[in-house]
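Below is one structure; the comments refer to it alone.
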Amino acid sequence: MSNILEVKKVVKQYGDYTALNEVSITVPKGSIYGLLGPNGAGKTSLIRIINQITLPDGGEILLDGEKLSPKHVQSIGYLPEERGLYKSMKVGEQCLYLAQMKGLSKSEAKKQLDYWFEKFEIQSWWNKKIEELSKGMAQKIQFVVTVLHRPKLLILDEPFSGFDPVNANLIKDEIIELNRQGTSVIFSTHRMESVEEMCDYIGLIHKSNKLIEGKLNDVKREYRTNSFQVGILTSNVEGLMYDLTQKFTVGQADFKSLNEDLKLEIQLGNATSNELLHILTQRGQVTHFVEKIPSVNDIFIQTVSK
Amino acid sequence: MSILTLIIKREFIAKVRNKSFIVMTFLSPLLFVGLIAFVSYLSTMKSDVKEIAVHDESNLFVQNFKNSDEYHYLNLTAIDLKTLKDSIVSERYEGLLYIPKIDDSKTLSTKIQYISNDSPSMSFIEDLEDIIAQKLTTSNFQKAGLDTTAIKNAEAKVSINLTKSSGEETVKGLNEIKVGIGAAFGYLIMMFIIIYGNMVMRSVIEEKTNRIIEIIISSVKPFQLMMGKIIGTSLAGVLQFAIWAIIGGVLFFVVSSLLGIEMNSTPTVSPEMMAGTKADFAVKAQLYINELLNLPIATLFISFIIYFIGGYFLYSSIYAAIGAAVDNETDSQQFLLPIILPLMLGVYVGFFSVLSEPHGTVATVFSMIPLTSPIVMLMRIPFGVPWWQLLISVLLLFGTFFFVVWFASKIYRVGILMYGKKPTWKELYRWLKY
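Just so you know, the protein sequences line up as chains A and B, in that order. Residue numbers for the first sequence follow this note's numbering, beginning at 95 and rising by one. Residue numbers for the second sequence follow this note's numbering, beginning at 3 and rising by one.
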């Protein structure tokens, strides 16, 4: 099996309200999968079903090729968006408790905890109570607890909220490191730049339905507009514009550049990039020539506002 | 270690380590014994002697008023009535008893006055009335030419001996003792339910407000979590009760021997003891002991455990469901009434109806209804309950128990993930169908 998770036509209803309408997603093994969608789209419902917190009203879920069953809680690590810890319980005891709930033996849990506490240099927190820690510190503990039992599938709901940039980066590196070691990750967030940076697959849910799914690059290819951003130094602006508008749709562009160049966004239409480049080189010195790739943000807004 | 024992262990340790739990465990018996000692100390204190002025125009009654610890009677017939009235305040008399000189006893009996600025106690006035009435009766007898000594000798006193059909002799006041024993067990169950049921509820709410709940139930089933919570909390409760009993017992022994409060000096004298003589009492005491030994102690004890488990789990799963349904404790009030009501009802039915008629319809019905049966049935058991009634009651209790636990866990699993709104009864009903 090359897919760690297959969700097939899952339906979830709350009374008359349909939270998930035959949603199917496929998460390939070893991928970082960005689960996107506006608030209330049904992401949390789906995640809770995968975690067996709630049961679906219809559909089927396969984890690593097997039908999802209670024993699979040990293969999944879940960091919910609404997260917290027992305030008056000591850090060490709490971690041991939560790890044992995931099926680790006490000694195994202790070994893993030592590894992570050392890695994050937080050994001194062991006997502190959660209420003595800052929010960011508690979040770190939560992350450790989530990955402690070395799950095959890691489900992270807004993992970076509450972290300062330094710690967010630390966590990001850990996620990438775990992924490199073979852990598949489902990543639900509204921070599009982290999706851009980390995910190789995305799925977009909107109003209880899945609208987009696939490899990030494939999705982007599908949403490409075939336009290029161009920077050019020329003395004859009018001549250039005349040549360009004969063949292409031309607009203003905005990008960072060190030159005092003319910035244009050019829609290719049926022409090729070489034809465009040919015209440009005849009229001046090209300083910038990049295909405009749709950002996840663009795709998100475009799909959701349709 | 299984997940359930893991949860039970954590809940138990979390409760036992809690500062307020520790403080209450050791402070409550101190407070309780202190209160009892204080009250009994107060009751042994002598109150001030109150002086009652008596103005008896006929001089017939005044000798009959005997001074007691509380009241002193002053014969002030010599002083003018009007002066006396005016001097009540200045002379600090508690009151003035005025008996006019009227020969006709019928008229006299309605003309006697007690003048006081305080409102006298009922028993004091009744005492005065008794004394005067007795004197009047005697004088009426004499007027009618009857021999008062002969009448006194002719007066009969009756004390009925209670016997069972088996011929065994029994004693009076036993109903009270039997109800007392049952009530002690019933009351214990009620207190336990209220204290530790609330604790279960608070601990559910705590997990919700901490937002740890979603992390936990991604590893365990909500039902396991709920049961673990209830069992862990009840174990902590049993421990607390045991400590209370031990400390309370030791403290009571120490305090009572230190302050010299004798248990006998308390006015809990049974009607039997007043009726019989000392020698008589020794025999009766033996009868009491026999009766107590004849109580179905084994049945009572086993039933206590069964009803304790059934009743406690029934109620605390409702508490857990309420905790899951609300966001904070203040919101829980509207749902708590249906819990408190049957508990109170159980206690009242127990005291009023079981005492007067242990096998009457009311007592029987309430000892069957699952929400009141743990309290009412325990009060009835000392009177001997047919085994089939016990069986029905226990079956009903556990049937309801399983139903309520199922029902509560439904609400629980939906409720724990609901934030930010105060649910209505209608919504709770809808959750059942999720």
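The beta carbon of each residue, even a glycine, is placed where N, CA and C say it ideally should be. As the structure is a prediction and not an experimental result, all values here were calculated from the model.
Contacts around residue i, its chain only, beta-carbon distance under 8 Å, and the 5 residues preceding and following it disregarded
{"i": "B:Val486", "result": "Nothing can be reported for residue 486 of chain B, as the shown portion of chain B is limited to 3 through 436."}
{"i": "A:Lys222", "result": "Lys184 and Val185"}
{"i": "A:Gln168", "result": "Lys196, Gly197, His243 and Pro245"}
{"i": "B:Thr363", "result": "none"}
{"i": "B:Ile413", "result": "Ala323, Ala326, Ala327, Leu430, Trp433 and Leu434"}
{"i": "B:Glu359", "result": "Ala365"}
{"i": "A:Tyr317", "result": "Pro388, Asp392, Ile393 and Gln396"}
Spatial distance of residue i from residue j (CA atoms)
{"i": "A:Lys234", "j": "A:Pro164", "result": "27 Å"}
{"i": "B:Leu227", "j": "B:Leu316", "result": "16 Å"}
{"i": "B:Glu96", "j": "B:Ile54", "result": "6 Å"}
{"i": "B:Gly417", "j": "B:Gly325", "result": "8 Å"}
{"i": "B:Lys231", "j": "B:Ile9", "result": "7 Å"}
{"i": "A:Ser182", "j": "B:Glu13", "result": "12 Å"}
{"i": "B:His57", "j": "B:Thr151", "result": "29 Å"}
{"i": "B:Leu78", "j": "B:Leu86", "result": "8 Å"}
{"i": "B:Phe405", "j": "B:Leu419", "result": "22 Å"}
{"i": "A:Thr277", "j": "A:His372", "result": "47 Å"}
{"i": "B:Ile383", "j": "A:Ser199", "result": "48 Å"}
{"i": "B:Phe368", "j": "B:Ile195", "result": "18 Å"}
{"i": "B:Pro425", "j": "B:Ser411", "result": "16 Å"}
{"i": "A:Gly325", "j": "A:Asn368", "result": "15 Å"}
{"i": "B:Tyr189", "j": "B:Ser45", "result": "26 Å"}
{"i": "B:Lys145", "j": "B:Lys68", "result": "25 Å"}
{"i": "A:Asp251", "j": "A:Ile141", "result": "9 Å"}
{"i": "B:Met381", "j": "B:Ile311", "result": "17 Å"}
{"i": "B:Ile291", "j": "B:Ile299", "result": "13 Å"}
{"i": "A:Tyr336", "j": "A:Arg377", "result": "11 Å"}
{"i": "A:Gly178", "j": "B:Gly182", "result": "48 Å"}
Residue closest to residue i, alpha-carbon to alpha-carbon, out of the options
{"i": "A:Met231", "options": "A:Phe211, A:Asp151, A:Val241 and A:His243", "result": "A:Phe211"}
{"i": "B:Leu302", "options": "B:Gly184, B:Lys428, B:Lys87 and B:Gln144", "result": "B:Gly184"}
{"i": "A:Gln206", "options": "A:Val239, A:Glu176 and A:Thr397", "result": "A:Val239"}
{"i": "A:Met286", "options": "A:Ser118, A:Tyr127 and A:Gly109", "result": "A:Tyr127"}
{"i": "B:Asp71", "options": "B:Met47, B:Ile179, B:Ile90 and B:Leu83", "result": "B:Met47"}
{"i": "A:Gln379", "options": "A:Ile224, A:Glu290 and A:Val331", "result": "A:Val331"}
{"i": "B:Gly199", "options": "B:Leu347, B:Ile371 and B:Ser334", "result": "B:Ser334"}
{"i": "A:Leu129", "options": "A:Pro253, A:Gly109 and A:Ala203", "result": "A:Pro253"}
{"i": "A:Asp110", "options": "A:Asp151, A:Leu310, A:Asn261 and A:Leu227", "result": "A:Asp151"}
{"i": "B:Lys428", "options": "B:Ile233, B:Ile81 and B:Phe337", "result": "B:Phe337"}
{"i": "A:Glu187", "options": "B:Phe403, B:Leu347, B:Gln391 and B:Ala16", "result": "B:Ala16"}
{"i": "B:Leu138", "options": "B:Ser60, B:Thr211 and B:Glu93", "result": "B:Ser60"}
{"i": "B:Ile24", "options": "B:Gln242, B:Gln136 and B:Ala158", "result": "B:Gln242"}
Assigned secondary structure, residue i (DSSP; H/G/I helix, E/B strand, else coil)
{"i": "B:Asp333", "result": "helix"}
{"i": "A:Lys181", "result": "coil"}
{"i": "B:Tyr43", "result": "helix"}
{"i": "B:Phe63", "result": "coil"}
{"i": "B:Gln288", "result": "helix"}
{"i": "A:Lys229", "result": "helix"}
{"i": "A:Ser321", "result": "strand"}
{"i": "B:Val356", "result": "helix"}
{"i": "B:Ala55", "result": "strand"}
{"i": "B:Pro273", "result": "Because the pLDDT at B:Pro273 is just 47, under 50, the model does not fix this residue reliably, and the value given afterwards should be weighed accordingly. If DSSP states are grouped into helix, strand and coil, B:Pro273 belongs with the helices."}
{"i": "A:Asp110", "result": "coil"}
Residues near residue i by beta carbon distance below 6 Å, same chain, minus five either side
{"i": "B:Pro376", "result": "Ile191, Tyr309 and Gly313"}
{"i": "B:Gln115", "result": "Tyr100"}
{"i": "A:Leu162", "result": "Ile155"}
{"i": "B:Val51", "result": "His74"}
{"i": "B:Val206", "result": "Ala322, Gly325 and Ala326"}
{"i": "A:Val101", "result": "Ser118, Ile119 and Ile155"}
Distance cut-off 6 Å: residue i Cβ against heavy atoms of the ligand HEM
{"i": "A:Phe383", "result": "Although the ligand HEM was asked about, the structure shown includes no ligands whatsoever."}
Nonlocal neighbours in the same chain, by C-beta distance under 7 Å from residue i, ignoring five residues either side
{"i": "A:Ser96", "result": "Pro122 and Lys123"}
{"i": "B:Ile5", "result": "Val222 and Gln226"}
{"i": "A:Ser321", "result": "Glu359, Ile360, Gln361, Leu362 and Lys386"}
{"i": "B:Ile394", "result": "Met370"}
{"i": "B:Glu203", "result": "A quick correction: the sequence has Met, not Glu, at residue 203 of chain B. Result list for B:Met203: Tyr321, Ala322, Ile324, Gly325 and Ser334, in chain order."}
Under 9 Å from the C-beta of residue i: neighbouring residues of chain C
{"i": "A:Gln233", "result": "As a matter of chain content, chain C is missing from the structure shown, whose protein chains are A and B."}
*Give, in chain order, every residue of the stretch 198 to 219 of chain B whose Cβ lies closer than 9 Å to some Cβ of chain A.*
Of all residues in the stretch 198 to 219 of chain B, only Glu208, Glu209, Thr211, Asn212, Arg213, Ile214, Ile215, Glu216, Ile217, Ile218 and Ile219 place a beta-carbon less than 9 Å from a beta-carbon of chain A.
*Listed from N- to C-terminal order along the chain, which residues in the stretch 383 to 409 of chain B have their beta-carbon within a distance smaller than 8 Å of any beta-carbon of chain A?*
Taking 8 Å as the upper bound on Cβ-Cβ separation, chain A lies near no residue of the stretch 383 to 409 of chain B.
*Contact list for the stretch 16 to 32 of chain B against chain A, Cβ threshold 7 Å*: Residues Ala16.
*Going along the chain, which residues of the stretch 135 to 160 of chain A sit with their C-beta nearer than 7 Å to a C-beta in chain B?*
Contacts with chain B (Cβ-Cβ distance below 7 Å) from the stretch 135 to 160 of chain A involve Asn145 and Ile147, listed in chain order.
*If contact means a Cβ-Cβ distance below 8 Å, which residues of the stretch 174 to 192 of chain A contact chain B?*
Only Pro174, Glu176, Arg177, Gly178, Leu179, Tyr180, Lys181, Ser182, Met183, Tyr191 and Leu192 from the stretch 174 to 192 of chain A bring a Cβ to less than 8 Å from some Cβ of chain B.
*Listed in chain order, which residues of the stretch 204 to 222 of chain A have Cβ atoms closer than 8 Å to some Cβ of chain B?*
The residues in question: there are none.
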